[in-house]
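Okay, so here's the structure we're looking at.
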Amino acid sequence: MAGTLDESTCGRLGRVLLAHRSVRPDQLKRALEVQARTHERLGEILVRLGFLSEDLLVRALASAKGVRAWDLKADPPSKEALKCLPMELCREYEMLPVQVRGDQLLVAFSDPDHTEALDAARAASGLRVEPVLAHDVRLRTLIEQTFEGLGDQRSMDDLVRLALNELGQNPSGETPEDLEELDTRPVVGLVNEIFSEAIRMRASDIHFEPRNHGVEVRYRLDGRLVPIKTLPRALMQMMIARIKILAELDIVEYRMPQDGRISLRQDGRPVDMRVSVLPNVHGPRVVIRILDRATALKSLTELGFHPHNLDLFQKLVRKPHGMILVTGPTGSGKSTTLYAALGELKSPAINIMTAEDPVEYDIPGINQSQVNEKVGLTFAEQLRSILRQDPDVVLVGEIRDEETAEVALRASLTGHLVLTTLHTNDALSAIPRMLDMGIKPHLLSTSVIGIMAQRLVRKVCRHCKEECTPTTEESLILGDYSGSIFRATGCAKCANTGYRGRVAVNELLPVNGEISRLISESAPMEKIRAAAQRIGFRPIQTDAVQRILDGETSFDEVSRVVFLEDVGLPLAA
328 MAGTLDESTC GRLGRVLLAH RSVRPDQLKR ALEVQARTHE RLGEILVRLG
378 FLSEDLLVRA LASAKGVRAW DLKADPPSKE ALKCLPMELC REYEMLPVQV
428 RGDQLLVAFS DPDHTEALDA ARAASGLRVE PVLAHDVRLR TLIEQTFEGL
478 GDQRSMDDLV RLALNELGQN PSGETPEDLE ELDTRPVVGL VNEIFSEAIR
528 MRASDIHFEP RNHGVEVRYR LDGRLVPIKT LPRALMQMMI ARIKILAELD
578 IVEYRMPQDG RISLRQDGRP VDMRVSVLPN VHGPRVVIRI LDRATALKSL
628 TELGFHPHNL DLFQKLVRKP HGMILVTGPT GSGKSTTLYA ALGELKSPAI
678 NIMTAEDPVE YDIPGINQSQ VNEKVGLTFA EQLRSILRQD PDVVLVGEIR
728 DEETAEVALR ASLTGHLVLT TLHTNDALSA IPRMLDMGIK PHLLSTSVIG
778 IMAQRLVRKV CRHCKEECTP TTEESLILGD YSGSIFRATG CAKCANTGYR
828 GRVAVNELLP VNGEISRLIS ESAPMEKIRA AAQRIGFRPI QTDAVQRILD
878 GETSFDEVSR VVFLEDVGLP LAA
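Counting from 328, one number per residue, gives the positions in the sequence shown under this note's numbering.
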């Protein structure tokens, strides 16, 4: 190979092929020359030129990626394995379960590095997942052949027509005088399909909004409401009644707000729903929060933190005492981050207790309690009781007032690690916010060990994202960056939104000795900000811009979520 091919330019696949003598150095060199002109994948070029068979390519790619190759012709999927994953998931992520070995599920991928697909397979199957590499065309063909005809044959439109046909004698939608006699059977399948579709699309909320002309159904996908369908007004009363029955609410009460809960199973896993019914001009408005543990409870490493912030946050949550504040607006993922932190700390040797309003997810191994302000059980009262239960780690759902803040801060001074949330726009703003509540500067400075501000930005859909050159305005923000960025377009995979999934962008301020001293002296925010920059504080804007450059999100999405000034931002290492 010497004199004919520089090993450093071969890439991992090229080195594997040479090591196994699957191709000759001159063949690899010619393929690399073609790749420099066409930018195709090296393996595809080698197969097209006739230097390599498809089976040999799969084995070489598997060796390069450190996984096992899988021949779908010789070893087709077992019936036991196919029962472990729903067809919608397999089609979405182009994966296929092929074999079960004890508590381990072997899943064939065309891209075994697709971490989101691996996470989805683990969550849906409840098993340990080992990725194996299969030929991409054979895999896609086999997925369609395997699941052909297994889908739900009734669309939402079919179910609407069926419900209207069953309604028959009452097409106007007028309700009977006795609401308790209302027959909800015609809409049972329709409501079930709306629920199932929302869970399959990973919606966080379902909105039923009565209007003059009908009932609008919208899903909240990745933080944004997306219209799904407008249903006939004739079905409204029956749908609302059906939802109330499932949530064990009073179907004859229409003047007062009501709250309830629904538990069901989807694709073999439990899903809880929190139901809120609010009287409205055109009828009861219903919002359902979907509490799906498979998609909501993640580890810190799965949240997408920048390595610098992830390492720093993990060090903070391992400290024996002190308070950690996670700030941001409603819906910015604060609770998800705190649950992930508890997952890092969970151990039989540690007593972890929470005060939440409400308790949304039941986490094994953690003692969770519900705040009930209607009976006087506030966060402060609940926290005082928790401190008598010998806790090591305490999670307080939210700091809302001076009393709660003071009890939590004093708890952190007496040997407890306290994790909590606060509504502020950035990490540094948490300091004046706590002082405005009436907290003494010396108490705040000796208790808080870290403050993190967080937002969630949507990730551009990998199926339809388009590469483009930054505009002049965007270049001012991106600084000296001269590469390409991606824009959202929209396709069936992402419900035509252009985005699928979200990732956290954040800034993390560790409170060291200098910053603690400045807080105790009630120093101006400019001095505290300067001290933070000296210890490598990475602003949320920098983190967000880095996501654009990495191709995870778009400039438009970051601009929607994070305030960007018209100056280039230096990117931290």
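Where a beta carbon is used, it is the ideal one built from N, C-alpha and C, also for glycine. Everything numeric in this text was worked out from a predicted model, so none of it was measured.
Range of the contiguous beta strand (DSSP E) that encloses residue i
i, result
"Ile679", "Ile679 to Glu683"
"Lys786", "Val775 to Val787"
"His534", "Asp532 to Pro537"
"Gln426", "Met422 to Arg428"
"Gln709", "Per DSSP, Gln709 belongs to no beta strand (DSSP E); it is in the alpha helix (DSSP H), Phe706 to Leu714."
"Arg616", "Arg612 to Leu618"
"Asn694", "Asn694 to Gln697"
"Glu543", "Val542 to Leu548"
"Leu749", "Leu744 to Leu749"
Residues that DSSP places opposite residue i in a beta bridge
i, result
"Asn839", "Note: Asn839 sits in no beta bridge, so no partner."
"Ala831", "Leu783"
"Gln431", "Arg428 and Arg455"
"Ser739", "None, per the DSSP bridge assignment."
"Arg449", "The partner list for Arg449 (beta bridge, DSSP) is empty, contrary to what the question assumes."
"Phe436", "Met422 and Leu460"
"Leu722", "Thr681 and Leu746"
For residue i, the three-state DSSP class (helix, strand or coil)
i, result
"Asp586", "strand"
"Glu580", "coil"
"Gly500", "Reliability of the predicted coordinates at Gly500 is poor, the pLDDT of 46 falling under 50, and no value is obtained from them."
"Asn519", "helix"
"Ala408", "helix"
"Ser886", "helix"
"Ile651", "strand"
"Thr798", "coil"
"Arg351", "coil"
"Leu477", "Here Leu477 scores only 45 on pLDDT, less than 50, and its place in the model is too uncertain to base an answer on."
"Ala757", "helix"
"Asp599", "strand"
"Phe951", "Residue 951 falls outside the range modelled here, since the chain spans only 328 to 900, and no answer is possible."
"Thr816", "coil"
"Gly341", "helix"
"Val734", "helix"
"Ala490", "helix"
"Glu371", "helix"
"Ile555", "strand"
"Glu879", "coil"
"Arg395", "strand"
"Val529", "Per the sequence presented here, residue 529 reads as Arg, with Val not at that position. Coil."
"Val686", "coil"
"Val604", "strand"
"Gly700", "First, the amino acid is wrong: residue 700 is Glu here, not Gly. It is helical."
CA nearest to the CA of residue i, picked from the options
i, options, result
"Ile778", "Gly649, Ala490, Ser847 and Ile804", "Gly649"
"Asn752", "Tyr420, Thr773, Gly828 and Ile867", "Ile867"
"Gln695", "Glu443, Val518 and Gln709", "Gln709"
"Asp382", "Trp397, Ile372 and Ala391", "Trp397"
"Ala287", "Leu376, Ala387 and Gln362", "Outside the displayed range of the chain (328 to 900) lies residue 287, so it cannot be described from this structure."
"Arg814", "Val787, Thr657 and Ala363", "Val787"
"Asn907", "Asn833, Arg760, Gly810 and Leu379", "Outside the displayed span of the chain (328 to 900) sits residue 907, for which this structure offers no information."
"Met761", "Arg782, Thr741 and Val734", "Val734"
"Leu399", "Glu419, Leu416 and Pro424", "Pro424"
"Met852", "Ala754, Ala831, Arg785 and Leu704", "Ala754"
"Glu841", "Arg856, Arg829 and Leu835", "Arg856"
"Arg785", "Glu848, Val885, His534 and Ile713", "Val885"
"Glu415", "Gln426, Leu432, Pro403 and Ala444", "Ala444"
"Val464", "Glu371, Asp549, His441 and Thr654", "Glu371"
"Arg727", "Glu700, Leu744, Leu714 and Ile713", "Glu700"
"Leu845", "Thr880, Thr773 and Val702", "Thr773"
"Phe436", "Asp689, Gly429, Thr796 and Ala448", "Ala448"
"His769", "Ala738, Ser843 and Gly806", "Ser843"
"His409", "Val889, Ala574, Ala859 and Gln426", "Strictly speaking, residue 409 in this sequence is Leu, with His absent from that position. The option with the nearest alpha carbon to Leu409 is Gln426."
"Glu730", "Arg711, Leu746, Leu433 and Leu744", "Arg711"
"Val518", "Ala668, Met566 and Gly541", "Met566"
"Tyr688", "Leu454, Ile758 and Gly670", "Gly670"
"Gln362", "Ser349, Val350, Leu376 and Arg351", "Leu376"
"Ala391", "Ile521, Gly610, Leu558 and Val459", "Val459"
"Gly610", "Ser590, Ala568, Leu643 and Gly587", "Ala568"
"Ala461", "Gln354, Val515, Glu407 and Pro403", "Pro403"
"Phe864", "Thr705, Leu652 and Val838", "Val838"
Span of the alpha helix (DSSP H), counted from its first residue to its last, around residue i
i, result
"Asp292", "Residue 292 is absent from the structure shown; the chain starts at 328 and stops at 900."
"Arg856", "Met852 to Arg861"
"Met565", "Met563 to Leu573"
"Leu665", "Lys661 to Leu672"
"Pro634", "Pro634 to Val644"
"Arg269", "This structure cannot speak to residue 269, because the chain is shown only from 328 to 900."
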